[in-house]
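Inspection log for the structure reproduced underneath, given as structure tokens.
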Amino acid sequence: MEKRKIVFASANPGKIREASEILGDGFEILSAAEAGVTEDIPETGNTLRDNSLQKASYIYEKTGMDCFADDTGLEVDILGGAPGVHTARYAGEGKDFNANISKLLFEMERAEKAGVTPMNRKARFRTSVTLIIGGEVHFFDGVMEGEIARERSGNGGFGYDPVFIPDGCDGLTAAEIPEEEKNAISHRGKSLRAMAAFLNSL
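Residue numbers (this note's numbering): 125 to 326.
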């Protein structure tokens, strides 16, 4: 049986591999570049859903192919939901995630000292996936609850994983647990599995 081609608006090999594993053998996932879109895709929305819809719409308009896009944000309670939609660029344009983590820990320490909900380190990762299939738009969301550690720990994962402690992981950060275990509980995994269930029901 011929695989159904679907474009993922991403250039991240790890994300593409995870999506391929979740969608299964019936689908061939193409990166944006493999579908002929090599320029930067606009990402100027005010919410995660806005951004994922903007990216998926851009790919669909350029290629006419079924496609999906995701956007992920870290929401920290003590910071009023920040960094949120600015998660990837929290420390500024061109800064890496090490700088983002440093800013996050600094801002949380400052908020605690100011007496803003002392000791509340609750946070969550939220992913919004937009699927455009046959010209129709569908949304799938996933959340991973947890809290922010006081310092970095672990060498695995990426992004904020060294300071994010998922609920139910015995105090280990997302950078300390095996990748398979993280994918099973992750925000992106949940949203992609919901999308996969929808696609397989068609």
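Quick reminder that beta carbons are idealized off the backbone N, C-alpha and C, glycines included.
| query | Got a sec, what are the start and stop residues for the beta strand (DSSP E) Ser-155 sits in? | reply | That run of the beta strand (DSSP E) goes 151–155.
| Got a sec? Which residues, its chain only, sit under 6 Å from Phe-264 by beta carbon, not counting five neighbours each side? | Taken in chain order, the residues that qualify are Val-253, Ser-315, Ala-318, Met-319.
| field | Beta-carbon gap between Asp-328 and Gly-313 smaller than 7 Å | value | Limits of the chain in this structure are 125 at one end and 326 at the other, which puts residue 328 out of reach.
| query | Terminal residues of the continuous beta strand (DSSP E) containing Ser-277? | reply | Careful: Ser-277 lies outside any beta strand (DSSP E) and carries neither H nor E.
| task | For the alpha helix (DSSP H) containing Pro-137, list its first residue and its last residue. | result | Under the DSSP assignment, Pro-137 falls in the alpha helix (DSSP H) whose first and last residues are 137–147.
| said: For a test of the three-state rule: what should DSSP assign to Ser-134, helix, strand or coil? | reply: Here Ser-134 sits in coil by DSSP.
| message | For Thr-171 and Tyr-284, what's the separation of their Cα atoms in angstroms? | response | Rounded to whole angstroms, Thr-171 to Tyr-284 spans 19 Å at the Cα level.
| task | Name the residue from Ala-273, Asn-175, Phe-249, Gly-281 whose alpha carbon lies nearest to the alpha carbon of His-311. | result | If we check each option's Cα against that of His-311, Phe-249 comes out closest.
| request: Just the C-alpha distance for Ser-327 and Ser-134, rounded to the nearest angstrom, thanks. | output: Summary: the structure shown does not reach residue 327, with the chain confined to residues 125 through 326, and so no result is reported for it.
| field | Three CB pairs or more closer than 8 Å across the region 205–225 and the region 152–164 | value | With a cut-off of 8 Å, the region 152–164 and the region 205–225 do not count as touching, because too few Cβ pairs lie within range.
| message | So, for Arg-245: in the same chain, excluding its five sequence neighbours on each side, which residues have a beta-carbon less than 6 Å away from its beta-carbon? | response | Counting only Cβ-Cβ distances below 6 Å, and skipping sequence neighbours, we find Glu-271, Ile-272.
| request: Name the two residues that bound the continuous beta strand (DSSP E) containing Lys-246. | output: Where Lys-246 is concerned, the enclosing beta strand (DSSP E) stretches over 246–257.
| Considering only residues of the same chain and omitting the five flanking positions on each side of Ala-206, which have a CB-CB separation below 7 Å? | If we look at Ala-206 and ignore the five residues flanking it on each side, its Cβ neighbours are Val-200.
| Going by Cα to Cα distance, which pick from Leu-147, Glu-126, Asn-136, Phe-132 is closest to Ser-325? | Out of Leu-147, Glu-126, Asn-136, Phe-132, Leu-147 has the C-alpha closest to the C-alpha of Ser-325.
| query | In three-state terms, what does DSSP make of Ala-193? | reply | Secondary structure of Ala-193 (DSSP, three-state): strand.
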